[in-house]
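With numbering that gives the first Met the number 0, you'll find the sequence shown wraps up at 411, consecutive numbering, no jumps.
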Amino acid sequence: MARTDPYTVAIDVGSSKVGVLIGQTDQAGQLEVVGKGLAANRGTRRGHVVNVEATVEALKKASEEAEVMAGVEISRAYVGLAGTDARCVNSRGMVSVTRRDQEITQQDIGRALEAARAAALPTDREILHGIPQEFIVDEQGGIADPLGMVGSRLEVAVHLVTCNVTRSKTLLTCVNRAGIEVLEMVFEPLATAEAILMHDERELGSLLVDIGSGTTEFAYFCDGEVQHSAVLPIGSGHFTNDLAMVLRTPFAEAEQIKTRHGCCLPGMLGEERGISVPTVAGGPPRVVPKRELCEILQPRAEEILTFVHADLSRNGVAGELRGGVVLTGGGAQLDGLLELSEQVFDTSVRYGLPQGLGGLVDVISSPIWSTASGLLLYGKASEADRAKKAKRRSSSMRSMVGSLRDMFSDLL
Ligand SMILES: Nc1ncnc2c1ncn2[C@@H]1O[C@H](COP(=O)(O)OP(=O)(O)OP(=O)(O)O)[C@@H](O)[C@H]1O
Ligand SMILES: [Mg+2]
Numbered sequence: 000m001a002r003t004d005p006y007t008v009a010i011d012v013g014s015s016k017v018g019v020l021i022g023q024t025d026q027a028g029q030l031e032v033v034g035k036g037l038a039a040n041r042g043t044r045r046g047h048v049v050n051v052e053a054t055v056e057a058l059k060k061a062s063e064e065a066e067v068m069a070g071v072e073i074s075r076a077y078v079g080l081a082g083t084d085a086r087c088v089n090s091r092g093m094v095s096v097t098r099r100d101q102e103i104t105q106q107d108i109g110r111a112l113e114a115a116r117a118a119a120l121p122t123d124r125e126i127l128h129g130i131p132q133e134f135i136v137d138e139q140g141g142i143a144d145p146l147g148m149v150g151s152r153l154e155v156a157v158h159l160v161t162c163n164v165t166r167s168k169t170l171l172t173c174v175n176r177a178g179i180e181v182l183e184m185v186f187e188p189l190a191t192a193e194a195i196l197m198h199d200e201r202e203l204g205s206l207l208v209d210i211g212s213g214t215t216e217f218a219y220f221c222d223g224e225v226q227h228s229a230v231l232p233i234g235s236g237h238f239t240n241d242l243a244m245v246l247r248t249p250f251a252e253a254e255q256i257k258t259r260h261g262c263c264l265p266g267m268l269g270e271e272r273g274i275s276v277p278t279v280a281g282g283p284p285r286v287v288p289k290r291e292l293c294e295i296l297q298p299r300a301e302e303i304l305t306f307v308h309a310d311l312s313r314n315g316v317a318g319e320l321r322g323g324v325v326l327t328g329g330g331a332q333l334d335g336l337l338e339l340s341e342q343v344f345d346t347s348v349r350y351g352l353p354q355g356l357g358g359l360v361d362v363i364s365s366p367i368w369s370t371a372s373g374l375l376l377y378g379k380a381s382e383a384d385r386a387k388k389a390k391r392r393s394s395s396m397r398s399m400v401g402s403l404r405d406m407f408s409d410l411l
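Here it is in structure tokens:
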């Protein structure tokens, strides 16, 4: 098989599945999906690896499927990380510019970023990302690149994503044991946003909510950059559990009932129809009205959405959703969730499917592929940023932030 270097590989180790995508950049610079692999994963719970063997097996199975489809061998990949231990904080770093001319240099920027990092890092954690949000020169904020400006005080506001060192190492070990080198671990909501949020949404103020099987990951973007992000340890698997417990039906049946007939908003139920529900003991199936299913699903849906809303309120951004809310992840497909979200967030809500990729787009046209697609785009942008590192100053805000990200990662 050919070598993978011209290819970008993304791996999403989700709580229900491992998804692998192989992308190839065409001559026009467009990233095309050329391989896709999917395997059920029983080794990961709530974003954390709980069974190394099972996770490695799923990784091998999914990557082999993608390799066969693309006709290339995977050796290196961008890997998503979204354990519930991930913590995101906004930190600030401040330095004084003592030189006579007071012109801000690359060195001053580096010192400010280092101060932001030192201010917020607890000892048992490592920094996964440090994303500069804005620079402030002598109290004048909103500056994307302070290089060459004149001032006596330079501040930087940074969004830091930290994770537990041992947990990220376990994931790294699993990927390595599947024969793949990790190029970069990427906090999943940040990667997902690359494939889901439009440029205007990122500028105006939008919330991305990825409802997976074991977690709900969310990130608020404004002025082009992430301002707040978090992982909630509740996902769509909890709807399945709730149905299985209350209806006393096997999990596999509960899963089918949820995906085929589930609805979490009573106002959306049509004519009252009964669903045949098998019982665990193998007795005769029971007929359960759809309204009863809704009564089981609605409180859980409200719990997830109100938790996210309360977290945004605590962080002062609940009223700032001018660009609306975008729902993605497999669990977002539950009927009524979009309408319920409109009520909870009091703004417009849309579904997000992966965008910005070419090639086999039909095979990834599902919200379960949002994270892997975003990882591909993130990986490609990261490679491009590295290539451009020599010329840091760019007219575009996004690539400027990219190069600042690189500079920050040099400090880590
Ligand atoms: N039509 C549907 N209605 C409701 N839920 C659905 C539907 N289709 C899939 N799901 C749910 O989506 C979940 C899988 O979504 P996804 O692949 O995004 O999760 P994951 O990435 O594996 O998990 P996580 O992100 O939490 O680690 C499963 O719990 C599944 O039951
Ligand atoms: Mg996921």
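Glycine included, every Cβ here is placed at the ideal spot set by N, Cα and C. The model shown is predicted, which means the values in this text are computed figures rather than measured ones.
Check, Outcome
"Using a 10 Å radius around the Cβ and a threshold of 16 neighbouring Cβ atoms, would you call N175 buried or exposed?", "exposed"
"Would you decide whether H237 is buried or exposed? Buried here means 16 or more other CB atoms lie within 10 Å of its CB.", "buried"
"Write down every uninterrupted run of the beta strand (DSSP E) in the region 249-335 whose length is 3 residues or greater and which is fully enclosed by it, in chain order.", "273-276, 285-288, 323-327"
"Does the Cβ-Cβ distance between F217 and V155 come in under 8 Å?", "no"
"Are G22 and K379 close, meaning C-beta to C-beta below 8 Å?", "yes"
"Can you tell me whether T327 sits near ligand 2, meaning its C-beta is under 7 Å from at least one heavy atom of the ligand?", "no"
"Just checking Q332 against ligand 1 - is the residue's beta carbon closer than 7 Å to any of the ligand's heavy atoms?", "yes"
"Excluding the five sequence neighbours on either side, which residues of its own chain have a C-beta within less than 7 Å of the C-beta of L196, listed in chain order?", "S205, L207, F220, V325"
"Helix, strand or coil, according to DSSP, for D11 in the structure here?", "strand"
"Would you call S14 buried or exposed, if buried means 16 or more other Cβ atoms sit within 10 Å of its Cβ?", "buried"
"Measuring straight from C-alpha to C-alpha, what distance separates S369 and A117?", "33 Å"
"Return the CA-CA distance between S151 and L159, expressed in angstroms with no decimal places.", "25 Å"
"Using a 10 Å radius around the Cβ and a threshold of 16 neighbouring Cβ atoms, would you call Q132 buried or exposed?", "buried"
"Using a 10 Å radius around the Cβ and a threshold of 16 neighbouring Cβ atoms, would you call F350 buried or exposed?", "According to the sequence provided, residue 350 is Tyr. The question's Phe does not apply to it. Exposed, by the Cβ-count rule."
"Give the secondary structure of M93 by DSSP, where H, G and I count as helix, E and B as strand, and everything else as coil.", "strand"
"If you draw a straight line from the C-alpha of V343 to the C-alpha of R299, how long is it?", "13 Å"
"From this set, V12, D11, L20, K16, which residue's C-alpha is nearest G358's C-alpha?", "L20"
"To the nearest angstrom, how far is the alpha carbon of A53 from that of R385?", "34 Å"
"Should T214 be labelled buried (16 or more other beta-carbon atoms within 10 Å of its own) or exposed?", "buried"
"Tell me whether E254, by its Cβ, gets closer than 7 Å to a heavy atom of ligand 1.", "yes"
"Who are T172's beta bridge partners in DSSP?", "In DSSP, T172 forms no bridge with anything."
"I want to know whether the region 39-53 touches the region 262-275 - three or more CB-CB distances under 8 Å.", "no"
"Please say whether V279 and T248 have beta carbons closer to each other than 8 Å?", "yes"
"If you run the structure through DSSP and keep just helix, strand and coil, what is V49?", "coil"
"Report whether the distance from the Cβ of G373 to the nearest heavy atom of ligand 4 is below 7 Å.", "Of the ligands this structure carries, namely ligand 1 and ligand 2, none is ligand 4."
"Quick check on this structure: which residue in D241, A251, I303, T327 has the alpha carbon closest to the alpha carbon of L292?", "D241"
"Measuring CA to CA, which of M244, V362, E200 is closest to T346?", "E200"
"To the nearest angstrom, how far is the alpha carbon of A389 from that of L37?", "The pLDDT assigned to A389 is 48, lower than 50, so where the model puts this residue is not dependable, and the model offers no usable value."
"With 16 other CB atoms within 10 Å as the buried threshold, where does R259 fall?", "exposed"
"Out of E187, D310, Q226, A190, state which residue places its alpha-carbon closest to the alpha-carbon of E202.", "Q226"
"Determine the direct distance from the alpha carbon of F134 to that of K16, and round the result to whole angstroms.", "40 Å"
"For the beta strand (DSSP E) that T24 lies in, which residues bound it at each end?", "16-24"
"Span of the beta strand (DSSP E) holding P131?", "124-136"
"Buried or exposed for H198, going by 16 or more other Cβ atoms inside 10 Å?", "exposed"
"For V164, count neighbouring Cβ atoms within 10 angstroms of its own Cβ and tell me buried if that reaches 16, exposed if not.", "exposed"
"Determine the closest residue to G140 out of I130, G129, L153, with distance taken between C-alpha atoms.", "L153"
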